[in-house]
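By this note's numbering, the letter at position 8 of the sequence shown is numbered 22, and the numbering carries on one by one without gaps. Note that the Cβ used here is the ideal one computed from N, Cα and C, for glycine as well. To keep things clear, I will list the structure first and then write my remarks on it.
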Amino acid sequence: MRNADAQQPTGGRSGRLHGQRIEVWLTTDEKQALANAAAQAGLSASAFLRAAGLNQPIHAKADAEAADKLVKVAADLGRFGGLLKLWLSERRDQGAPAVRVSHLLGETHALQQQMLQLIMQVAPR
């Protein structure tokens, strides 16, 4: 058994220093379930167990990827609203009445805000 005070860097991995190792006895099914959960979170089994055991938040990798995609969609929606506003301001007396345009821009902004709230729920940073 290693000295509890000795800090050993992991071989070739990130510079995280480890002091002690513990053993956990699992069935084959439990080990597979643990490996699957760790993979979904984008973590090693060790990092997953460490986070779970220390009651640290574990965010699924898919959640972060979904949040990134939602951020891009929200940005596209903002650009769309800006282009729509520019186009309509250049043709002020043509097309839809100003009240309808304002309503449409308001809906676009409200949708963008809802998306940003969802992003924060999925993957708070």
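Cα separation between Leu91 and Asp77?
21 Å
Candidates Val136, Gly96 and Ser103, of which the one nearest Glu121 by Cα
Gly96
Among the residues of its own chain, which have a CB less than 8 Å from the CB of His123, if the five just before and after it don't count?
Gly95
Residue ranges of each alpha helix (DSSP H) run of no fewer than 4 residues wholly in the stretch 37-82, ordered along the chain?
Correct list: 42-55 and 59-67.
Provide the residue span of the alpha helix (DSSP H) that contains Gln135, from first to last.
Ala112 to Val136
Backbone CA spacing between Ala18 and His32 [nearest angstrom]:
Confidence is the limiting factor: at Ala18 the pLDDT is only 47, short of 50, which leaves the residue's position unreliable, though a coordinate-based value still follows. Going by the C-alpha atoms only, they are around 9 Å apart.
For Ala81, count neighbouring Cβ atoms within 10 angstroms of its own Cβ and tell me buried if that reaches 16, exposed if not.
With 16 or more neighbouring CB atoms inside 10 Å of its own CB, Ala81 falls in the buried class.
Would you report the Cα separation of Lys83 and Gln70, rounded to the nearest angstrom?
Approximately 25 Å, taken between the alpha carbons.
Would Ala65 pass as a contact of Ser58 if the rule is Cβ separation under 8 Å?
no
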